[in-house]
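Please read the structure below before turning to the comments.
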Amino acid sequence: MTVLQLLSKEAANNRRHVLLAASLAGGTNALVLGLVNLAAETPGEAPFRTFVFFLLAVALYGICARYTHKRTAEIVQSALLRIKVRIVDQVERAEFEQLERIGASEINDRITENMTVISDSAALLANLMQSLCILFFATLYLVSLSLPAFVMMVFVLGVGSTVYASMQVEVRTHLMRAAQKRLVFFESLMDLLGGFKEVKFSRRRGRELRAEIEGTGEALRDSTLKAAYLFADHWVFSNLMLFTLIGALAFVLPMHTKVDAVTLGSLVSAGMFVWAPVGGVIGGVPAYVRCNVALTQIEALEAKLEAATRGAVNGAGGENPWEDGIATIEAKEIVYEYPSDTSGGGMFRIGPMSLTIKAGEVLFIVGGNGSGKSTFLKVLTGLYAPTSGLLRVNGIPVQTDDAAAYREHISAIFSDFHLFAKLYGVLGAEEAEVQRLLVQMQLEDKTAFKEDRFTRRNLSTGQKKRLAMIVALLEDRPIYVFDEWPADQDPEFRKYFYEELLPLLQGRGKTVIAVSHDDRYFHCADRVVKLAEGKIQSVVAGAERRGAQTSAPAADREGSS
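In structure tokens:
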């Protein structure tokens, strides 16, 4: 989509009004030129009505120009709002697995940087439209003065426009390259900010990351400068073409056609007059090119998001096969394989795995790093669709179009959880209940709950996890999934989680699936599932697992956790 297509689509109801206003602005501008030349031909003798017409033309120009700029800004901002809302809607509906592949950096860059480019160009685009109208009417005025002068102007501007248009191809290439470099730069910067603590523990890591950011920044600077140099060349070239036009009118035209001094003066003044609108076109074309590049990238992102939402529903209006509750969750010969990376590296996979989880059961998933615990959780919760095999709930296979309905039964706290600014999903929660949970989680002196939000979220990781637990308890869903929740808790809260909270949830009939490394609490689970190299190695009762861990040598116990 180009800017013209965007404006035409968004201004469907006001298109004629905007074009009419721009045309009137251009026409009155040319009329001002004619009236001034008329007055200059007979200094001191021009009738008073000529001056009145001049004032009316200037006033009409001001009104129409102001309307054009205001309406163009409104159209652009309304269009951007619709695009933003559409992207947010696509992100909200996209499947988690697909959204992970797109990445947050690209979405963030397109919504911020690209939208800003289009927004900042609104005034230049309005000026471009007005300038083209002024050029059109100024050309008509030139025809009325001298047809040979008109032919000469068309020739000079035609050659200049052809060269100018050919130069824009290279500009677009450099702008696209700069946009790609900007995305890489943003990702590297997020690495620095997100891993700031880790950088502080390794000067070498900091130096290498800084060198990476600096190198990317230099590449971004070079691409941006090349585009800027080309824009500067275009500006100088366009001014040279205008000098050429004025020189042709002043020196060449009188050599080949008979023209009186008054007409020649009017022709030269007309040539000088078109300088401003041509400058408007020259200033507007770079903005137009930047906008087109930005829109191309936004369209590409929307195409990716559309593919990510294909077949997905948000669970708001479809049928819910599990509306009466969930009795069993069954993984039947499930295999999940990550897509290969662009470097041709190997693919990590889990499975085949088979496991049945019954309602009200407390299940622990254990295993070493890289054994596939988190991936298995994402498959069990419907975030990842199995590459092969079946995920069945109450014997019904979970398909893409009803995965959202299944997830509505689950409250999950993953290791990379996010705390929202407000309690979305449980807005309107009773303040007394939230306060009781804050006291229960020993956070009453750390934060407070007002107007559907916690007043402070800048807490330690363990405290943030307790806030996330409060939100999960408020949701009160039948299935709870915890990915190493106790890992960042002190011994007191770790014990509370295993010996008080889990029995409390089970007593309420909740199903709990938890990734754990705490072998001393394995007896708190009904069953313990151990994973190794992406496969289920063993499934034993919690008490049996605890007994095996107690009797095993210390080194073996550490290795299994």
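Numbers in the working numbering are just positions in the sequence shown, counted from 1, shifted up by 611.
Cβ coordinates follow ideal geometry from the N, Cα and C atoms, glycine included.
- Between the beta-carbon of V795 and that of T827 there is about 5 Å, and that keeps the pair under the 8 Å contact cut.
- Around the beta carbon of Q908, 16 or more other beta carbons lie within 10 angstroms, which makes this residue buried.
- Residue environment analysis places P897 among the buried positions, since at least 16 neighbouring C-beta atoms fall within 10 angstroms of its C-beta.
- For E1095, there is no enclosing beta strand (DSSP E), as DSSP marks it with neither H nor E.
- In this structure, W846 is the residue among L1048, W846, Y672, L1085 with its C-alpha nearest to the C-alpha of S772.
- For E948, the enclosing beta strand (DSSP E) begins and ends at 939-948.
- Taking 9 Å as the cut-off, the beta carbon of H1020 is found closer than this to the beta carbon of I937.
- In this structure, L988 and V1092 form a Cβ contact; the two beta carbons are roughly 6 Å apart against a cut-off of 8 Å.
- For the pair of segments examined, the segment 626-646 was found to touch the segment 732-748: the number of CB pairs separated by less than 8 Å reaches three.
- Between P1114 and F1104, the C-beta spacing is not below 9 Å.
- For M866, the number of other beta carbons within 10 angstroms of its own is below 16, and it is reported as exposed.
- Here G971 has Q1117, G1120, K1121, T1122 as same chain residues with Cβ atoms under 8 Å from its own Cβ, once five neighbours each way along the sequence are excluded.
- The count of Cβ pairs closer than 8 Å, one atom from the segment 1128-1143 and one from the segment 966-986, reaches three, so the stretches are in contact.
- Here the segment 813-831 does not lie against the segment 932-947, with fewer than 3 beta-carbon pairs under 8 Å apart.
- Secondary structure within the segment 813-884: the alpha helix (DSSP H) runs of 4 or more consecutive residues, fully enclosed, are 814-858, 864-867, 872-884 (chain order).
- The Cβ atoms of V687 and I729 lie closer than 9 Å to each other.
- Non-local C-beta neighbours of A1023 in its own chain, meaning closer than 7 Å and more than five positions away in sequence, comprise T992, V1092, ordered along the chain.
- Assigned with DSSP and collapsed to three states, L1001 falls in strand.
- Within the segment 702-733, not a single complete beta strand (DSSP E) segment reaches 3 residues in length.
- Assignment of Q1148 by DSSP, reduced to helix, strand and coil, places it in the strand class.
- By the neighbour-count definition (other C-beta atoms within 10 Å, threshold 16), Y840 is an exposed residue.
- In this structure, M763 lies away from A822, with their beta-carbon atoms at least 9 Å apart.
- Selection K915, L615, F797 evaluated against E708 yields K915 as nearest (Cα-Cα).
- For G962, the number of other beta carbons within 10 angstroms of its own is at least 16, and it is reported as buried.
- Look at L994 here: in three-state DSSP terms it is coil, with no helix or strand label.
- Remark: C-beta atoms of I1124 and I1090 approach each other more closely than 9 Å.
- Collapsing the DSSP output to three states places M740 in a helix.
- Taking all protein chains shown into account, R1068 has fewer than 16 neighbouring C-beta atoms within 10 Å of its C-beta and is therefore exposed.
- With respect to the 9 Å criterion, A705 and A919 are classified as neighbours on the basis of their beta carbons.
- Contact between L753 and A651 is absent: CB atoms are separated by about 16 Å, not below the 8 Å threshold.
- For L1112, no alpha helix (DSSP H) segment is defined, and its DSSP state is neither H nor E.
- Rounded to whole angstroms, L800 and M883 show a C-alpha spacing of 49 Å.
- Exposure of T1072 is indicated by the presence of fewer than 16 other C-beta atoms within 10 angstroms of its C-beta.
- Between the alpha carbons of I1081 and V1045 lies a gap of roughly 7 Å.
- For the set M778, L1002, Q1051, N725, the Cα lying nearest the Cα of A911 is the one of N725.
- Nearest to F1025 by C-alpha distance, out of G895, A843, K1075, Q741, is K1075.
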